[in-house]
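Protein chains: 4
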Amino acid sequence: MSFTPGDPGFEARVRASFSRQSIMTTLGATLTRIEPGMIEIALPFAEHILQQHGFVHAGVVATIADSAAGYAGLTLMPPGAGVLTAEFKINLLAPAQGDRLVAQGRVIKSGRSLTIAEADVFAETDGLTEKGPTRKHAARLTATLMSMRDRQGVAD
Amino acid sequence: MSFTPGDPGFEARVRASFSRQSIMTTLGATLTRIEPGMIEIALPFAEHILQQHGFVHAGVVATIADSAAGYAGLTLMPPGAGVLTAEFKINLLAPAQGDRLVAQGRVIKSGRSLTIAEADVFAETDGLTEKGPTRKHAARLTATLMSMRDRQGVAD
Amino acid sequence: MSFTPGDPGFEARVRASFSRQSIMTTLGATLTRIEPGMIEIALPFAEHILQQHGFVHAGVVATIADSAAGYAGLTLMPPGAGVLTAEFKINLLAPAQGDRLVAQGRVIKSGRSLTIAEADVFAETDGLTEKGPTRKHAARLTATLMSMRDRQGVAD
Amino acid sequence: MSFTPGDPGFEARVRASFSRQSIMTTLGATLTRIEPGMIEIALPFAEHILQQHGFVHAGVVATIADSAAGYAGLTLMPPGAGVLTAEFKINLLAPAQGDRLVAQGRVIKSGRSLTIAEADVFAETDGLTEKGPTRKHAARLTATLMSMRDRQGVAD
Numbered sequence: 001m002s003f004t005p006g007d008p009g010f011e012a013r014v015r016a017s018f019s020r021q022s023i024m025t026t027l028g029a030t031l032t033r034i035e036p037g038m039i040e041i042a043l044p045f046a047e048h049i050l051q052q053h054g055f056v057h058a059g060v061v062a063t064i065a066d067s068a069a070g071y072a073g074l075t076l077m078p079p080g081a082g083v084l085t086a087e088f089k090i091n092l093l094a095p096a097q098g099d100r101l102v103a104q105g106r107v108i109k110s111g112r113s114l115t116i117a118e119a120d121v122f123a124e125t126d127g128l129t130e131k132g133p134t135r136k137h138a139a140r141l142t143a144t145l146m147s148m149r150d151r152q153g154v155a156d
Numbered sequence: 157m158s159f160t161p162g163d164p165g166f167e168a169r170v171r172a173s174f175s176r177q178s179i180m181t182t183l184g185a186t187l188t189r190i191e192p193g194m195i196e197i198a199l200p201f202a203e204h205i206l207q208q209h210g211f212v213h214a215g216v217v218a219t220i221a222d223s224a225a226g227y228a229g230l231t232l233m234p235p236g237a238g239v240l241t242a243e244f245k246i247n248l249l250a251p252a253q254g255d256r257l258v259a260q261g262r263v264i265k266s267g268r269s270l271t272i273a274e275a276d277v278f279a280e281t282d283g284l285t286e287k288g289p290t291r292k293h294a295a296r297l298t299a300t301l302m303s304m305r306d307r308q309g310v311a312d
Numbered sequence: 313m314s315f316t317p318g319d320p321g322f323e324a325r326v327r328a329s330f331s332r333q334s335i336m337t338t339l340g341a342t343l344t345r346i347e348p349g350m351i352e353i354a355l356p357f358a359e360h361i362l363q364q365h366g367f368v369h370a371g372v373v374a375t376i377a378d379s380a381a382g383y384a385g386l387t388l389m390p391p392g393a394g395v396l397t398a399e400f401k402i403n404l405l406a407p408a409q410g411d412r413l414v415a416q417g418r419v420i421k422s423g424r425s426l427t428i429a430e431a432d433v434f435a436e437t438d439g440l441t442e443k444g445p446t447r448k449h450a451a452r453l454t455a456t457l458m459s460m461r462d463r464q465g466v467a468d
Numbered sequence: 469m470s471f472t473p474g475d476p477g478f479e480a481r482v483r484a485s486f487s488r489q490s491i492m493t494t495l496g497a498t499l500t501r502i503e504p505g506m507i508e509i510a511l512p513f514a515e516h517i518l519q520q521h522g523f524v525h526a527g528v529v530a531t532i533a534d535s536a537a538g539y540a541g542l543t544l545m546p547p548g549a550g551v552l553t554a555e556f557k558i559n560l561l562a563p564a565q566g567d568r569l570v571a572q573g574r575v576i577k578s579g580r581s582l583t584i585a586e587a588d589v590f591a592e593t594d595g596l597t598e599k600g601p602t603r604k605h606a607a608r609l610t611a612t613l614m615s616m617r618d619r620q621g622v623a624d
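Protein chains in written order, with the working numbering: chain A, 1 to 156; chain B, 157 to 312; chain C, 313 to 468; chain D, 469 to 624.
1. Where does B:Ala224 land, buried or exposed, given buried means 16+ other C-beta within 10 angstroms?
2. So, is C:Glu399 buried or exposed, given that buried needs 16 or more other C-beta atoms within 10 angstroms?
3. Using CA atoms only, rank isn't needed, just tell me which of B:His209, B:Thr281 and B:Val263 is closest to B:Leu230.
4. Taking C:Lys401 as the query, report the chain A residues whose CB atoms sit under 9 Å from its CB, ordered along the chain.
5. Do the stretch 420 to 431 of chain C and the stretch 484 to 495 of chain D make contact, defined as three or more Cβ pairs closer than 8 Å?
6. Could you please tell me which residues of the stretch 573 to 589 of chain D, in chain order, have their CB closer than 7 Å to any CB of chain B?
7. Assuming contact is defined by CB atoms lying nearer than 8 Å, are A:Val121 and A:Ala65 in contact in what I supplied?
8. Could you please give the first and the last residue of the uninterrupted beta strand (DSSP E) stretch that includes B:Glu286?
9. How is C:Leu405 classed by DSSP in three states: helix, strand or coil?
10. Which chain C residues are close to D:Gly550, counting only those with a beta carbon under 9 Å from its beta carbon?
11. What does the alpha-carbon distance come out to for the pair A:Thr144 and C:Arg447?
12. So, with DSSP's three-state summary, where would you put A:Ser19?
13. So, using beta-carbon positions, are B:Val217 and B:Ala185 closer together than 8 Å?
14. Apart from the five residues on each side of it in sequence, which residues of its chain come closer than 8 Å, Cβ to Cβ, to B:Ala311?
15. Please confirm whether D:Leu495 and D:Thr531 have their CB atoms less than 8 Å apart.
16. Per the DSSP calculation, B:Met194 is bridged to which residue(s)?
17. Alpha helix (DSSP H) containing D:Val529: first to last residue?
18. Would D:Thr493 be called buried (16 or more neighbouring beta carbons within 10 Å of its own) or exposed?
19. Indicate the three-state DSSP secondary structure (helix, strand or coil) for B:Arg169 in the structure shown.
20. Along chain D, in chain order, which residues have C-beta atoms closer than 9 Å to that of B:Met302?
21. Establish whether the CB of A:Gln21 and some CB of chain B are separated by less than 8 Å.
22. Does the Cβ of C:His369 have 16 or more other Cβ atoms within 10 Å, making it buried, or fewer, making it exposed?
23. For A:Thr4, count neighbouring C-beta atoms within 10 Å of its own C-beta (all shown protein chains included) and say buried if the count is 16 or more, exposed if not.
24. If you reduce the DSSP assignment to three classes, tell me which class A:Met24 lands in.
25. Residues in its own chain within less than 7 Å of C:Thr437 by CB, not counting five upstream and five downstream?
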């Protein structure tokens, strides 16, 4: 599928919005790819984002997956419109461990008021041992995004 | 519905496990209620957990809701068993703003290998103005939890 | 929670709309309760609605649960508005068997464009043996409904 | 992704199980493709499977999508194992209308006790007018399947 950006300045717009998501700084997540309908976010494994068994918390996995899906949606929105998550569902496929998580969000269907997007999260391990680098499918999320237009305080 | 704890020491067990979830300290969340089949977690509004419009990020809402649902499940597990989230879905009902979020998790059905739990998240505002205190239903989550028994590293 | 109907004629409106859902006749489902924000649908166990192990098919359980949730939403809509399901999620809690299924739908949050509703499905067995009647929680559904206004062909 | 069937006779096994799903005959659905990890089911548009606006009911869309996902999972199961849906979520992307629906199910991750599968449903229209044939993405489902082994009455 190929998508047309809703705004020629979509890349700068996504970067500016992402930089306002204070939770991303708190977690240590960065934006690594921005394309029309597609966003990638990376999150290095770190001691302050874990659940009780030492894996990255499912909610943290969901946080980067939701932002990846949401910003994939935002790349297709016209200037001035904002995007809010109405709901998402996430299946956890493998423990979120390794050197980093990479969340790839993409739009499935872009509509006037609702956009459906999904995200896959991969757990990557660098290949410093003879086993070499690994990449496991850790999670799949689907989300319903609501476009907000002309609503005070909800843009980008 | 009333539930029988799976372990007489369920309260200490939940507290110890929660204290190992480093993400809870990172977010600022605390455990405020532990009963058989029911858990409450509170999260004060703070500048480091937000999305781009100044609301608490949907993923953060999901993080405390998932932990509340998961620990509600853990209160019913026999000693030595652990609990992992297989999937969850969350509907965001209102912007997560105010003075604090309160997530209430409870078990819907406790099974041998799968437990179904849900959580409601409320956004509370203290009544310092003439409007008085408010409490809005901000989110509803349902989760499928998998009980893990005799699996190295996955207990409590 | 108590709800105000969106239209004084909500009951007749729901009945008329339900009678146009040909799948309900095909399955054998009937409307057994209509209140503001709450709907009940009953489905007798029958040989033509099963999956391979002799239980009612999960999709059939979802069909009556989705209609119960959707019509619960419709009771609160103003005249002329229709309701479409944007998404739903269902957890199957117990095999759908017995003498009948009863789906109870209710509104969780009614909004301008989106309404969130849920439904519980119970599997009931009549008490013809000494065991007496039984009622098992068979499924829980949550749905996002979209209100459609002034859209040709989509009302009620 | 490529998958290894769990049983050399997976095709006959899926056909036999599908033929026991009486709801498929009731709806008019047929099995059109069986591959390791992948199943396709077709459902011609018909007057007896509709909701109130004349579209195929969301629950019917979910029924064929759930069976497609479930049988995709069954193709990978060892002899004697059965599969039950623990939960599914479906996003409805476009009204289910046209000449037929086609549901394509595929396995995302096959595990010892849980299998995660998804399905896409397309609404196809034959090209009898100058507009030519059309194919719209009507729905996306994700499901958690539970493998059942050695459980009386739950195989295939």
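Glycine included, every Cβ here is placed at the ideal spot set by N, Cα and C.
Quick answer:
1. Label assigned to B:Ala224: buried.
2. Label assigned to C:Glu399: buried.
3. With distances taken between Cα atoms, B:Leu230 lies closest to B:Val263.
4. Below the 9 Å Cβ cutoff, chain A contributes Glu87 and Lys89 as neighbours of C:Lys401, in chain order.
5. No: fewer than three Cβ pairs fall under 8 Å.
6. Taking 7 Å as the Cβ-Cβ cut-off against chain B, the residues of the stretch 573 to 589 of chain D that qualify are Ser581 and Leu582.
7. With a cutoff of 8 Å on beta-carbon distance, A:Val121 and A:Ala65 are scored as near each other.
8. B:Glu286 -> no beta strand (DSSP E), and no H or E assigned at all.
9. Of the three classes helix, strand and coil, the one that applies to C:Leu405 here is coil, per DSSP.
10. For D:Gly550, the C-beta contacts it makes with chain C under 9 Å involve Gln364 and His365, in order along the chain.
11. A:Thr144 and C:Arg447: Cα-Cα distance of roughly 34 Å.
12. Judged by DSSP in its simplified three-state form, A:Ser19 adopts helix.
13. Taking 8 Å as the Cβ cut-off, B:Val217 and B:Ala185 do not qualify as a contacting pair.
14. Excluding residues up to 5 positions away in sequence, Gly236, Ala237, Gly238 and Met304 lie with their Cβ nearer than 8 Å to the Cβ of B:Ala311 in the same chain.
15. Yes, these two residues count as a Cβ contact at 8 Å.
16. Per DSSP, B:Glu191 and B:Arg262.
17. Run containing D:Val529: Ala526 to Leu542, per the alpha helix (DSSP H) assignment.
18. Answer is exposed; the Cβ neighbour count stays below 16.
19. Looking at B:Arg169 - three-state DSSP - the assignment turns out to be helix.
20. The answer, in chain order, is Ser581 and Leu582.
21. For A:Gln21, the answer is yes, since a Cβ of chain B falls inside 8 Å of its Cβ.
22. Under this definition C:His369 is a buried residue.
23. A:Thr4 comes out exposed.
24. Note: A:Met24 maps to helix in three-state DSSP.
25. Here C:Thr437 has Gly410, Asp411, Pro445 and Thr446 as same chain residues with Cβ atoms under 7 Å from its own Cβ, once five neighbours each way along the sequence are excluded.
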